[in-house]
Structures are given as C-alpha cells and as structure tokens.
Amino acid sequence: MFSKILIANRGEIACRVIKTAKRMGIQTVAVYSDADARAPFVRMADEAVHIGPAPAAESYLIADKIIDACKQTGAEAVHPGYGFLSERASFVEALEAENIAFIGPPTNAIAAMGDKIESKKLAKEAGVNVVPGFVGEIRDTDHAVEISNDIGYPVMMKASAGGGGKGMRLAWSEKDVREGFEATKREGLNSFGDDRVFIEKFIENPRHIEIQILGDKHGNVIYLNERECSIQRRHQKVVEEAPSPFVTPKMRKAMGEQCVALSKAVNYHSAGTVELIVSGADPTGESFYFLEMNTRLQVEHPVTEAITGVDLVEQMIRVAAGEELQIKQDDVKIDGWAIENRVYAEDPYRGFLPSTGRLLRYQPPVEPWADDGEENGRRGIDGIRVDDGVFEGGEVSMFYDPMIAKLITWGETRDEAADLQVAALDAFRIEGLGHNVDFLSAIMQHERFRSGELTTGFIAEEYPEGFEGAPASDQLKSVLAAVGGVIATADADRARRINQQLDGDEYAPGDWTIRIGEREEGSTTHEVVLEENALTVDGEQVTIEMQYTPGEPMVDVALWDNDAGEDDEKVDIYTIQLAPTRTGYKMTTRGATHTLRILQTRIAALAGHMIEKEPPDLSKMLICPMPGLLVKLHVAEGEEVQPGQPLATVEAMKMENILRAEKQATVGKINAGEGDSLAVDEVILELE
975 MFSKILIANR GEIACRVIKT AKRMGIQTVA VYSDADARAP FVRMADEAVH IGPAPAAESY
1035 LIADKIIDAC KQTGAEAVHP GYGFLSERAS FVEALEAENI AFIGPPTNAI AAMGDKIESK
1095 KLAKEAGVNV VPGFVGEIRD TDHAVEISND IGYPVMMKAS AGGGGKGMRL AWSEKDVREG
1155 FEATKREGLN SFGDDRVFIE KFIENPRHIE IQILGDKHGN VIYLNERECS IQRRHQKVVE
1215 EAPSPFVTPK MRKAMGEQCV ALSKAVNYHS AGTVELIVSG ADPTGESFYF LEMNTRLQVE
1275 HPVTEAITGV DLVEQMIRVA AGEELQIKQD DVKIDGWAIE NRVYAEDPYR GFLPSTGRLL
1335 RYQPPVEPWA DDGEENGRRG IDGIRVDDGV FEGGEVSMFY DPMIAKLITW GETRDEAADL
1395 QVAALDAFRI EGLGHNVDFL SAIMQHERFR SGELTTGFIA EEYPEGFEGA PASDQLKSVL
1455 AAVGGVIATA DADRARRINQ QLDGDEYAPG DWTIRIGERE EGSTTHEVVL EENALTVDGE
1515 QVTIEMQYTP GEPMVDVALW DNDAGEDDEK VDIYTIQLAP TRTGYKMTTR GATHTLRILQ
1575 TRIAALAGHM IEKEPPDLSK MLICPMPGLL VKLHVAEGEE VQPGQPLATV EAMKMENILR
1635 AEKQATVGKI NAGEGDSLAV DEVILELE
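Number 1556 in this note's numbering belongs to position 582 of the sequence shown; there are no gaps in the numbering.
Shown next as structure tokens:
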C-alpha cells in the first residue's frame, strides 16, 4: 500500500479523497493555485505545494507541475479526482515514466474511451448497443448537413473530446446544423484542444442512466448498479439518484453485463462509469444505447456508496496498489434510495447565470461528511451528507466550476430521500451570491419528479419560461402569514421596551395585514390576529409551534391540526430562513423566497392609497446577463433586427451564449466591441 499520495485536484473532490486516504493511514499532498491558497483542502492535507496562477491552464492542467510536486514531496501515487487531468492519457504516461502510480485506469482505456468516435466503434465491437450516427471525419458544414439529413432529425452534434455538457448542440433542422456546427467545433477546440465533431441520432424522451464499474488489475470487473441522471440543464447533471425508478432487475442485469463486457474489452481497472441513453418511451427497457465511458470517478459517486456501502475512493486506491477486489458481483446490493443535488453558484431566477463571489454566509444543514469508515457512515448524519470544499468567507472563483457543495440524502424509500432533500435544502444557509437551492427544492417537490417520469428534457419542459420559485400551497401561505404575524408582534414588543419613546404603548400590536408577494399584482393579502390564546389567519385558527428571538435568521415551525391531541403527529414541519426588509421580511422555504409586507391593520388601510413605483423599461437595451467575453457582434448600428435574431455572442465558463432580439427594432448605439470583457448587467447595445 502507498504511504503518501498526491491529489491533483481541488475543491470538494480533493477534500473527499484526503478524508479517505487519512482513514487508510496514507499521508496526502495537495497542490493549489493562487486562487486556492486558503481553501479547506489545502489545510486538510499533510503537505501542500503551490503550482501557479489561478487559471487552470497555468496550474492544475500542467502535468509537469504535478510531477514536480510528487518528486518534491515523495508522493508515490496521484489521484486525479474528476476534471482537469483525470482523463488525459498523456498525463498517465508521464507519471509512468517517472515511476509514479496513477490511481485510475490504464492509459489504453483512457485513450480509447476518451475519444467519443473511437469509443463507439469499440462499444459496437464489444456487443454494446450504440446510437445510430456518423463517426467518421466531417469535412465542413455542408457535409454535416448532408449527414444530418441522412440520419434524420433531431440530431446531436458533439465534440469528440467533449465532456461536462460542453461542445454539444441539438439540431432540429438544417438551419440548426448550419448555425451550430461551427460553434460546436470552436467549443471543442477552446475547451479540449480538439475540434473534431460527430453526429448521432437524438433519442426523444431520453433518460440518462449510467452504470458504475469497478475493476482490478487481475481481470475482475463488476458493476455497482445504476444511477439515474436524467434531470439536466444544458447537458449538465443537476440531480442524480440511485437506483433508477425506471430500471427493472432485468434491465439492470442487461445493462451491467454489457458495460462489464466493454470494460473488459479495454482491460479496464479502477472505478469508471458507462453512460447510457435510454428511451423512456420504451417500457421494456430494451432501447438503451452506449453514450460514452467516463474513465474516472464521477461527481455523483456518493449515491452509489450510500446504497451499496462500497467506498469507491478506497477501492480505487487499493486497485492502484495492486490489490484484488474483495467484492464479487453477488455481494453488490441495493439498500434504500439515495439522491444527490448539486448546489451551484448560479442564479435560477436570472436564467441560471453564473454567480461567483464571496460566501458571506455558508452553513450547511449538517457538518460536512467525515469518513469514519462505517458502511452506514457514507450516508452522512441521519441520512444527510454534505460533500463540500468551501468555507464561510471564502470565494467561489470565476476560474473553476461553480459548484458549492453536493447534498446527498438517503432513505428507505425514494420519497423519504426526497423529503429529506427538501428539509435539508430549507436549512442550507448561503448568502453573498446567487445559488440554486430554491430550484433544487422545487424539483424535489415536483409531482413529475415524485412520479419518476423523468427525461433529460425535464427542466426545459417544466420551466419553459424560466424559474420563478416553487408554487406555494394555501397551507404554506397560511403558515407564512402566521409566522409573519408572530415575528412582527415579537419585533414590536422588543421595540416598545426601548426607553424614552414618545407614545409609550403598553402592549405590542396583534392585528396585522400581511401581503405575500413582491407587488400588488399576483400577491395575496391575509389578516392575522394574535390574541392571548389564539392565532387566526383570515378568521381561521392556525396552530403553530415555534421559538423566535428578534434578529434570528432562521426558525423551525411545526404546524398542528387544531383538533390534535397531545399524542397526535404534527401536520408538517417547516424551516424558514428570514431576511428583514424595510416593510417586513423575505421568507425562504420549500423552494421559493416570499416577500412579506407586514403592516398593522390600521396602517395597511392607509398604505393602500400609496402609488407603487413601476420598474424601468429595459426592453430597449441588450444587457449582458453574466460576466463574460464578447466573442462576436452580429449587428451594426442602424441595422433593423427581427425577433429571435442573434445580436451578440458572449462566452462565459467556456460556453458560448447567443443573445437574441426580443422584438423588432433598429440598432442604435453600440457600447461594446468584440473582445471586450463585460460585467453583469453591462449594456452591450441600445435599440430604437
């Protein structure tokens, strides 16, 4: 066994590997860039080596710097995590030349599976189902159109070396191919240094299901069941779960055996994942096709660990050290259900734009996961596990993936795991930047998610106009109004105790008019009355149990049935985050942030005469929705544009975003030029 390993990665996955290595008695070495000098993974490691500036291309992606750090510290092996150098065959070869072990698969497997075109050929030879498509060299856009017409629309254009949702375009027509082919090539070249593209049939109503593979250097390969990863946004996974609500034991066996055959065909060892696309329209489950193989640890590996009890990082280390797998296929079990949500620094209320910045508050619902070695310990604390690599006061950098944390929950059933997600997300405090916690909670509560009827189009289909928060039930509105009344009375009671006030009220007010909603339109108004032994909302008694001290940022609220006895169960339990406003509070719970205007009833009658301020008209401006680089201006001053016409292309996080005209207009003043770095909300051009 190794005595010291180096982790060639950062953030939560570096923390994850360090924890398991320490439990195994192995010393760890971290490498870090300028941006990560104060990061938790640097402090957790036994040693740390600085490897360069913040951009990954100048630090984490330079193999020579990783190898120098190994030599400097005496590390015998490298764990690559995921991303960066984890699937680069040349890196593994460079390590081997220096007699440094790679905690991952062999070079030939990485090379074979890393090329999407070659991997499909190999899969077909190994007897694995593959999607109809064209895997040869595509000469130009006209050739791409010809191929797409032959396959039949819709088709997917993919960068051969792509991954993480980058370098992918869905085309429903020849026009889409002509518009997207060159962009796909550019993204492939910019992100992966390879502009080759392949085209394949797009499976409608697709489900994304993947099989976890684990093999050793002695020819043993097993599969550790499947994960469902169908809920994606722009081909980036958002929610993962194990097992899949769609997969039957017969399907699982067929998928698993094909994936094992593919792995053996390339002499695979270590952890790996074979991604499959499955037709949700075929209930037999026989319509599944090979998509790609990820020759590394997956972001979503904790859900597999939670239901199987297998520590995948430990197994990777043991396999790399030459040990034989102690787990046989018959030993692999499915115990309960696990769901993982990726908590990202992105704003779902603004089209999921990246929202980098400082974490002014970061308080996860439970302590970050600690590897205690116990099988059930991989499920966290009471079924809630948080894998993170950030800290309060730290920064989510623009240079790397915007993931803040992974929230994993485990339950005996799928509904239990989803309910735990909702409760944990409610208690997840993040301030200082935009985040997707509300959106994740909304998905967990969604009827379609609960039914298990998932496809990769879930988000686009269920939120076609964007995300505006999970809808609030009448019960939730009643609870929010009741809580608002209790808090307002408590705040007023505290205020009246201040000495030397002019009015000298003897009692805090108990009559409140509460509007739930930012503006009059679309809001609801509730009359709340607090008496000594009763609380009513719109004349109906509401029985809640809560403890609140003025200034608290979060309250736990239990809703009781009015006729409940002492031994009866609570109707529901809510965790509500509070943020004071000028006229009330913002309350965040159950997948939405609700603005409560709270006024004494006598004052509310007068406030009704006030004129609400109308927001400014921004439709005459093209505003940059995110920090990014202006790659291309598609129009000139004085040019007439039609709805949907491209106006500008902005690159952010290595993804190109086309900004289009919302209405017919004439281009007026242009305020930015190609190559300019743009700030969020910067005006690119004005329309007349």
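Where is the CB? At the ideal position from N, CA and C, for every residue including glycine.
Cα-Cα separation between residue i and residue j, rounded to whole angstroms
i, j, result
"P1106", "S1134", "16 Å"
"S1497", "L1381", "32 Å"
"A1280", "N1350", "7 Å"
"A1216", "G1310", "9 Å"
"G1431", "A1022", "43 Å"
"D1089", "T994", "31 Å"
"F1262", "G1582", "60 Å"
"G967", "R1335", "Shown here, the chain extends from 975 to 1662; a query on residue 967 therefore has no answer."
"A1083", "E1274", "21 Å"
"A1295", "M975", "6 Å"
"P1589", "R1489", "19 Å"
"Y1559", "H1420", "26 Å"
"F1402", "T1567", "13 Å"
"L1059", "R984", "12 Å"
"A1255", "P1180", "8 Å"
"S1452", "A1228", "50 Å"
"I1000", "I981", "12 Å"
"T1562", "D1020", "40 Å"
"A1013", "G1167", "29 Å"
"F1706", "A1086", "The shown model of the chain, from 975 to 1662, leaves out residue 1706, and the question about it has no answer."
"V1654", "E1506", "50 Å"
"I987", "I1196", "24 Å"
"A1464", "Y1522", "8 Å"
Span of the beta strand (DSSP E), counted from its first residue to its last, around residue i
i, result
"G1154", "Taken as a continuous stretch (DSSP letters only), G1154 belongs to no beta strand (DSSP E), being part of the alpha helix (DSSP H) at E1148 to F1166."
"N1199", "V1195 to E1202"
"T1517", "T1517 to M1520"
"R1270", "Careful: R1270 lies outside any beta strand (DSSP E) and carries neither H nor E."
"V1657", "V1657 to L1661"
"V1287", "No beta strand (DSSP E) holds V1287; the alpha helix (DSSP H) holding it covers L1286 to A1294."
Beta-carbon proximity list for residue i, same chain, < 6 Å, skipping 5 on both sides
i, result
"Q1232", "V1102"
"M1225", "G1259"
"K1643", "E1660"
"D1546", "L1533"
"T1640", "E1614 and E1662"
"T1510", "V1503"
"K1637", "P1617"
"C1044", "L980 and I1074"
Opposing strand residues paired with residue i [DSSP bridges]
i, result
"Q1337", "R1403"
"T1383", "I1313 and I1358"
"H1568", "M1561"
"Y1127", "Partner(s): none; Y1127 has no beta bridge."
"G1213", "In the sequence under discussion, the amino acid at residue 1213 is Val, which differs from the Gly named in the question. Answer is N1315, bridged to V1213."
"P965", "There is simply no residue 965 to check, as the chain begins at 975 and stops at 1662 in what is shown."
"G1602", "L1652"
"R1143", "M1131"
"G1331", "V1370"
"P1180", "S1253"
"E1614", "T1640"
Whole-Å CB distance - residue i paired with residue j, under 8 Å assumed
i, j, result
"K978", "T1047", "7 Å"
"M1131", "G1154", "6 Å"
"R1422", "E1436", "6 Å"
"I1518", "A1456", "5 Å"
"E1625", "L1603", "5 Å"
"L1299", "L1286", "In fact, because the Cβ distance is near 12 Å, the residues do not count as touching under 8 Å."
Chain B contact for residue i (CB, 8 Å cutoff)
i, result
"F1058", "The structure shown contains no chain B; it holds only a single protein chain."
The alpha helix (DSSP H) enclosing residue i, as first and last residue numbers
i, result
"M1087", "T1081 to G1088"
"H1275", "H1275 to T1282"
"I1461", "D1448 to R1470"
"P1014", "P1014 to M1018"
"I1220", "The sequence shown places Phe at residue 1220, not Ile. It is not in any alpha helix (DSSP H) - F1220 carries neither H nor E in the DSSP assignment."
"G985", "G985 to R997"
"E1435", "F1432 to E1436"
Cβ shell of residue i (< 7 Å), same chain only, five flanking positions each side left out
i, result
"S1007", "I1025, G1026, P1027, A1028, S1033 and Y1034"
"K1098", "V1104"
"R1359", "P1276, W1343, R1353 and I1382"
"V1129", "S1122, A1145, I1173, E1174, K1175 and F1176"
"E1156", "T1115"
Neighbourhood of residue i by C-beta, 8 Å cutoff - its chain only, sequence neighbours within 5 removed
i, result
"H1182", "E1202, C1203, S1204, Q1206, K1211, E1249, L1250, I1251, V1252, L1265 and T1430"
"I1125", "P1106, G1107, F1108, I1173, E1174 and K1175"
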